[in-house]
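Working notes, beginning with the structure itself.
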DNA sequence: TTCCGTGCAAACAATTTGCAATAGA
DNA sequence: TCTATTGCAAATTGTTTGCACGGAA
């Protein structure tokens, strides 16, 4: 039932007092259709498949709204533009600084670190917003040679 | 002996076959003088105190060189421009997404996570390049109210 | 009808680049 | 001398904004 996330998002927009427009629905649907990790530009291209006249600025403004409503979020995967995704299953990213490969890891991997930092500093980490960088297995092996 | 880091950096530039220029020395000295977490713009201002005619583009080009030589590195602390620092004691940053406070934590905090990710995925993390975001103790307490 | 949302073009911030002049080795 | 480095201004990239028009409620 893929339409469910879209309907929930639309409902949240309405509930917030913002207007439900064709453009906003189109952005949410494109986000829903197109997995994780899209840049605003890529998302716009996905939107344009069905709605070629929606402006890039509108895509940015809609993403801003969706983030305020906690319907969508952006992540920084290494350098370059932000990546966007609908709220949903939380996972994290390791980005290889050599080959740019992205490895996804479950949120629970951070639990021990989370507890430790909370105990030590009172800081509640949300590691979702930024990726961790480093060297992937393949590139690390290459470097050893 | 604060000049030591500068001398080492200059020597590394020479050893790499690049030329040791007044501008490059000025950038290294400004970096050495001015603690961590400087943006390129702030670094340029520090340079201009003694060398008002050095161009911002030269600062950027020098930083690029220093990073290639592993003399200096940049870090992403939340949104906004990159922050630069000389190589040296490695530590990490927690950035509060509400108040932008920065909490520094020692590298060793990451050891268990590092080991786990290495075992699970073969990925060697270098958590230095990106900060972790979240909510600091004070803001978390405010949010509870 | 009343504002909110949108298109458009221009502004913006951070960074990079092409090219001619200059200065290290 | 010879070529790497620099200044300058312009280009780039990703994103935001002002304003007049058009469409949800």
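Residue numbers (my numbering), protein chains in the order written: chain A, 1 to 145; chain B, 146 to 290.
Glycine residues also receive a C-beta, built at the ideal position from the N, C-alpha and C atoms.
Stretch pair the region 93-109 of chain A + the region 222-240 of chain B: three plus CB contacts closer than 8 Å: Fewer than three beta-carbon pairs drawn from the region 93-109 of chain A and the region 222-240 of chain B are found closer than 8 Å, and the two stretches are therefore not classed as touching.
Neighbouring residues, chain A, relative to residue 278 (chain B) (Cβ below 7 Å): For the purposes of this step, residue 278 (chain B) is taken as the residue at position 133 of the second chain. For residue 278 (chain B), the neighbours in chain A by C-beta distance under 7 Å run, in chain order, 126, 129, 130.
C-alpha gap between residue 158 (chain B) and residue 206 (chain B), whole angstroms: Locating residue 158 (chain B) in the second chain gives position 13, where the first residue counts as 1. Locating residue 206 (chain B) in the second chain gives position 61, where the first residue counts as 1. Rounded to whole angstroms, the separation of the alpha carbons of residue 206 (chain B) and residue 158 (chain B) is 13 Å.
Under 8 Å (Cβ pairs) to chain B, residues found in the region 107-125 of chain A: Near chain B, meaning a CB-to-CB distance below 8 Å, the residues of the region 107-125 of chain A are 109, 110, 112, 113, 116, 117, 120, 121, 122, 123, 124, 125.
Collapsed DSSP secondary structure at residue 102 (chain A) in the structure displayed: Within the first chain, numbered from 1, the residue matching residue 102 (chain A) stands at position 102. Under the three-state reduction of DSSP output, residue 102 (chain A) falls in the strand class.
Proximal residues, the region 231-245 of chain B versus chain A, C-beta separation under 8 Å: Going along the region 231-245 of chain B in chain order, one finds 239, 241, 242 with a Cβ nearer than 8 Å to chain A.
Cα-Cα separation between residue 151 (chain B) and residue 290 (chain B), rounded to whole angstroms: Along the second chain, one-based indexing puts residue 151 (chain B) at 6. Along the second chain, one-based indexing puts residue 290 (chain B) at 145. The straight-line gap from Cα to Cα measures roughly 49 Å.
Interface positions of the region 195-223 of chain B facing chain A (Cβ-Cβ less than 8 Å), listed along the chain: Flagged, chain order: 221.
For residue 248 (chain B), the nearest candidate out of B:283, B:194, B:177 (CA to CA): One-based indexing of the second chain puts residue 248 (chain B) at position 103. Residue nearest to residue 248 (chain B) within the set B:283, B:194, B:177 is B:283 (criterion: CA-CA distance).
Opposing strand residues paired with residue 218 (chain B) [DSSP bridges]: By 1-based counting over the second chain, the position of residue 218 (chain B) is 73. Looking at the DSSP output, residue 218 (chain B) sits in a beta bridge with B:230.
Bounding residues of the alpha helix (DSSP H) (the contiguous stretch that carries residue 266 (chain B)): Taking the second chain and counting its residues from 1, one reaches residue 266 (chain B) at position 121. That run of the alpha helix (DSSP H) goes 256-266.
Proximity of residue 131 (chain A) and residue 43 (chain A) at Cβ, strictly below 9 Å: Translated into positions along the first chain, residue 131 (chain A) becomes position 131. Translated into positions along the first chain, residue 43 (chain A) becomes position 43. The beta carbons of residue 131 (chain A) and residue 43 (chain A) sit no closer together than 9 Å.
Cross-strand partners of residue 241 (chain B) (DSSP beta bridge): Looking up residue 241 (chain B) in the second chain gives position 96. According to DSSP, residue 241 (chain B) shares a beta bridge with B:279.
Cβ distance (whole Å) where residue 66 (chain A) is taken to contact residue 18 (chain A) below 8 Å: By one-based count along the first chain, residue 66 (chain A) stands at place 66. By one-based count along the first chain, residue 18 (chain A) stands at place 18. With 8 Å as the limit, residue 66 (chain A) and residue 18 (chain A) do not qualify as a contact, their Cβ atoms being about 10 Å apart.
Closest Cα partner of residue 273 (chain B) within the set B:264, B:288, B:261, B:256: Position 128 of the second chain, counting from 1, holds the residue named residue 273 (chain B). Among B:264, B:288, B:261, B:256, the Cα nearest to that of residue 273 (chain B) belongs to B:256.
Coil, strand or helix - residue 13 (chain A) by DSSP: By one-based count along the first chain, residue 13 (chain A) stands at place 13. Three-state DSSP puts residue 13 (chain A) in a helix.
One or two residues paired with residue 91 (chain A) in a DSSP bridge: The residue you call residue 91 (chain A) lines up with position 91 of the first chain. Beta-bridge partners assigned by DSSP to residue 91 (chain A): A:106.
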